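The structure appears below as structure tokens.
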Amino acid sequence: MLERLKTQPPDARNRKSKAIAMQLAIDSCFGRAKAVMFYVATSVEVETLSLMLVALQNGKQVAVPFVNRRKHEMEAVQIYDPVRDLRPGSFGIREPKPDLIKSFDTKRLDLVVTPGLAFDSQGHRLGRGEGYYDRFLSRLPNHVKRYGIGFDFQLVDAVPVENRDITLDLVITNR
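Converting from the sequence shown to this note's numbering requires adding 43 to each position, the first position being numbered 1.
If you want it as structure tokens, here you go:
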């Protein structure tokens, strides 16, 4: 799956990312949400910068992940401008600048948008094996919705599931 993500032409990635953004924008949970956490996309994932900008323009609070290597945990950190507030960080993924790093109270979140290598229709996701998202999602209050976004080819019949894996409420693709 990673190879398929890497070989997807940039114009197809951009076109599909826009279709996914439109699907999320009309989702009722996203519409009602006051605080949303988005992942910060790598060059092969569904682009999330435009989603963050739309959320901010609609008066939503936006948080992004920060990997606290000391604690081996992922935390939510609020940002105000995704272009200015992010810098290169762990695993080659942009993360909040050091002066912004203070934990965002996850009880205030309404929705978390997660990445994955693959998803199935039951809401299972295949991550990259570090478990950061599953540990983070397991600590969230029950009212927080958990969404995955991915390209159509990332939706498969089944992904391997372990007892520590967290099921998503919804998976959105470009189809």
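Note that the Cβ used here is the ideal one computed from N, Cα and C, for glycine as well. Bear in mind that the values here come from a model prediction, so they are computed numbers and not experimental data.
- Note that the C-beta distance between Phe179 and Pro108 is below 9 Å.
- Scanning Ala62, Arg130, Gly193 for the CA closest to the CA of Val156 turns up Gly193.
- At a cut-off of 4 residues, the continuous stretches assigned as alpha helix (DSSP H) that sit fully inside the region 127 to 182 are 175 to 181.
- The residue from Val204, Gln100, Asp212 with its alpha-carbon nearest to that of Leu154 is Asp212.
- Across the structure, Arg137 and Ala84 are spaced so that their CA atoms are roughly 8 Å apart.
- For Pro108, the enclosing beta strand (DSSP E) covers residues 104 to 111.
- By the 16-neighbour rule on beta-carbons within 10 angstroms, Glu173 is exposed.
- Beta-bridge partners of Met117 (DSSP): Val110.
- Around the beta-carbon of Lys49, fewer than 16 other beta-carbon atoms lie within 10 Å, marking it exposed.
- The three-state reading of DSSP puts Val83 in coil, since its state is none of H, G, I, E or B.
- Distance from the CA atom of Gly74 to the CA atom of Ala98, rounded to whole angstroms, is 9 Å.
- Rounded to the nearest angstrom, the gap between the Cα atoms of Arg207 and Lys150 is 21 Å.
- Put simply, the backbone Cα of Tyr175 is about 19 Å away from that of Asp163.
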